[in-house]
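Numbering (the numbering used here), first residue to last: 19 to 483. Think of the CB as a built atom: it goes at the ideal place given N, C-alpha and C, for glycine as much as any other residue. Below: the structure, in structure tokens.
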């Protein structure tokens, strides 16, 4: 059957609806490339757990991504001993250099720096939340002694990551139809391939220029300070140099650069969830006011701190509900390649097959989360009858699961809590133009479409705060 996707429909919803018709698993042909779609909770777990976790470990070949990343960095490395070793080094550096106190100070500093710029300005939610997270992440990891990214660099990073993580942008068609790269110049220009290529060429040049400058500066500072580590990047460089000295030939300069840039990449994935949260809070003023009243009761006008997080059940429930409804495409559609012949129920899957996990199926069905309206924003799903927060660990995968989950998930959740709390303390958020704003969002499709529309978010200062 030839199927033409509806590009206005949320991608995971499209695959879910196809699963209702054809069952799970089923094969979906991306042009010339067959992909097995895992469309039930049981099948998604089958790939991620037990034997599946050591089988479905390869990465799908991508001309554009491999051209930039050379299959290096945590995001692009196939699962195996090298990936595990890298992840361990990054995790150790995060635990050593990203304390709760440092996170609190950095988030407060970013919000203070933006105080004069936010009031009554109109923002596209995606760029608003991405810039916040990017400034925090860069300040935490790289820029203790260096200025933050320039506006031009920030826009370049956002534009290129948007290209990578949109599952239906032109870069996908280039992967599926390599012949596009051989078309006449005038045709390449007309279909937009050249602009995508220029974005990536500039992205690679600028990204690694930034990384080279950071590495050189941090090495000089450590030499001057007798090898003393002051931030995450110092810790990562030290760990990398130890591996090289021990004779580990897999570690090279490009690998270190890609690891560094993987952490900037970490700013991109949670911004989708913050988009959804601010959209819903602006759309539902009663919910937003309830969050504000909880903040006032627990924190008042003081600086948000993590020791108060456990006392703010409703705000935490709102954050998790936003993560349940809206995951970034890179986490919704995890794509792997199996290393050996596999059998899934009655289906024989030869080695080298591509499988794509529609992980949103676990967040949508009614049996996993209470309520007969799984597409409606309802924070009470994460609250007990007594009003206490419950995170439904077994049913909830906002940052992936098991061996391929996000290495910085704890830092991401901490950052989101501190930023959202600090913003709601001082601002009330609305959406404009009001004539384009629905009374409620009754499906994930509507949310995706609204996020891509011209609706803007407007922070209004709270009087007397």
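Asked                                                                                                                        : Found
First and last residue of the uninterrupted beta strand (DSSP E) at residue 376                                              : 372-376
Of the residues 474, 332, 43, the one placed nearest residue 366, counting alpha carbons only                                : 43
Identified DSSP bridge partners for residue 415                                                                              : Its beta-bridge partners do not exist; DSSP assigns none.
Same chain only: Cβ atoms within 6 Å of residue 101, ignoring 5 sequence neighbours per side                                 : 95
Member of 130, 434, 296, 246 whose CA lies at the smallest distance from the CA of residue 151                               : 434
Expected contact under 8 Å - CB spacing of residue 354 and residue 373 to nearest Å                                          : 5 Å
Buried or exposed by the 16-neighbour rule on C-beta atoms within 10 Å, applied to residue 443                               : buried
Expected contact under 8 Å - CB spacing of residue 436 and residue 135 to nearest Å                                          : About 19 Å separates the two Cβ atoms, so there is no contact after all.
Assigned exposure category for residue 473 - 16 Cβ within 10 Å defines buried                                                : buried
For residue 102, three-class secondary structure by DSSP                                                                     : helix
Proximity below 8 Å, CB of residue 288 to CB of residue 430                                                                  : yes
Per DSSP, the bridge partner or partners of residue 401                                                                      : 407
Assigned secondary structure, residue 425 (DSSP; H/G/I helix, E/B strand, else coil)                                         : coil
Cβ neighbours of residue 165 in the same chain (closer than 7 Å, five flanking residues each side left out)                  : At residue 165, the pLDDT of 46 sits below 50, so the modelled position is not reliable; the number obtained from the coordinates is stated separately. Closer than 7 Å at the Cβ level, and outside the excluded window around residue 165, lies no residue.
Environment of residue 405 [buried if 16+ CB atoms lie within 10 Å]                                                          : exposed
Proximity to residue 450 [Cα-Cα], best of 104, 61, 375, 297                                                                  : 297
Candidates 262, 375, 259, of which the one nearest residue 63 by Cα                                                          : 375
For residue 308, the first and last residue of its enclosing alpha helix (DSSP H)                                            : 303-316
Residues of its chain near residue 163, where Cβ-Cβ distance is below 6 Å and the 5 sequence neighbours each way are ignored : Unreliable positioning characterises residue 163 in this predicted model, as indicated by a pLDDT of 46, which lies under 50. A coordinate reading is not provided.
Backbone CA spacing between residue 398 and residue 446 [nearest angstrom]                                                   : 22 Å
Residues near residue 453 in its chain [Cβ-Cβ closer than 8 Å; skip 5 each side]                                             : none
Cα-Cα separation between residue 17 and residue 53, rounded to whole angstroms                                               : Nothing about residue 17 can be read from this structure; the chain reaches only from 19 to 483.
Reference residue 424, options 239, 115, 98, 281, closest by Cα                                                              : 281
Sequence-distant residues of its chain with Cβ nearer than 6 Å to residue 226 (five each side left out)                      : 275
Own chain residues within Cβ distance below 7 Å of residue 357, not counting five before or after                            : 73, 75, 76, 369
Distance, residue 299 Cα to residue 246 Cα                                                                                   : 44 Å
Of the listed residues 265, 241, 263, 237, nearest to residue 255 (C-alpha basis)                                            : 237
Near the ligand ZN: residue 154 beta-carbon under 7 Å from a heavy atom                                                      : With respect to the ligand ZN, the structure shown offers nothing to examine, as it has no ligands at all.
Simplified DSSP state of residue 34, which is helix, strand or coil                                                          : helix
Residues near residue 116 in its chain [Cβ-Cβ closer than 7 Å; skip 5 each side]                                             : 158, 250, 429
Where the beta strand (DSSP E) through residue 63 begins and ends                                                            : No beta strand (DSSP E) contains residue 63, which is instead part of the alpha helix (DSSP H) from 59-66.
Residues near residue 321 in its chain [Cβ-Cβ closer than 6 Å; skip 5 each side]                                             : 126
Pair within 8 Å by beta-carbon distance, residue 110 and residue 257                                                         : yes
For residue 97, the nearest candidate out of 480, 325, 352, 400 (CA to CA)                                                   : 352
Counted within 10 angstroms of its Cβ, other Cβ atoms place residue 339 as buried (16 or more) or exposed                    : buried
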